[in-house]
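Engineer: What follows is a structure written as structure tokens; I'll ask about it next.
In my numbering, the protein residues as written are 18 to 125.
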């Protein structure tokens, strides 16, 4: 998957599926779940894929949030219809963040 396709998939996820996922989580835990932190992480991930540089701390935070999103998608996959391109885009983004962090000597 090319960077442009990853960016498109992440933007589509944020636009079309993020709120659905967060609503499902809200219903599951009976506490209002806000997607603002996750939305910001997706925006930063798009910037990262587009070449913007981030500190190790920012990348670590982004890594954790994107991993949580992947876990939530897997946990609630029976209630969601998430496009496989989005799953691949999330995986590739997390993998690239991990590679950059490892290259900086940061252990995950």
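Virtual Cβ for every residue (Gly too), placed ideally from N, Cα, C.
(1) Within its chain, find whatever has a CB closer than 7 angstroms to the CB of residue 107; leave out the 5 residues flanking it on each side and keep chain order.
(2) Where are the alpha helix (DSSP H) runs, 4 residues long or more, that stay fully inside the segment 24 to 82, in chain order?
(3) Could you name the residues of the same chain whose beta carbon sits closer than 7 angstroms to that of residue 55, not counting the 5 residues immediately before and after it, in chain order?
(4) Does the Cβ of residue 74 have 16 or more other Cβ atoms within 10 Å, making it buried, or fewer, making it exposed?
(5) Ignore the nearest five residues each way along the sequence and tell me which others in residue 66's own chain have a CB closer than 8 angstroms to its CB.
(6) Secondary structure at residue 122, three-state DSSP: helix, strand or coil?
(7) Which word fits residue 95, buried or exposed, when buried means at least 16 other C-beta atoms lie within 10 angstroms of its C-beta?
(8) Tell whether a beta-carbon distance below 9 angstroms holds between residue 97 and residue 41.
(9) Considering only C-alpha positions, which residue in the set 118, 32, 105 and 102 is nearest to residue 80?
(10) For residue 104, collect the residues of the same chain with a Cβ closer than 8 angstroms to its Cβ; drop the 5 residues on either side in sequence, then sort them by chain order.
(11) Determine the DSSP secondary structure at residue 84, reduced to helix, strand or coil.
Structural biologist: Straight from the coordinates:
(1) 83, 86 and 87
(2) 35 to 46 and 53 to 66
(3) 35, 82 and 86
(4) exposed
(5) 20, 23, 24, 27, 110 and 113
(6) In the structure shown, residue 122 adopts coil according to DSSP, grouped into three states.
(7) exposed
(8) yes
(9) 118
(10) Hits under 8 angstroms: 87 and 90.
(11) helix
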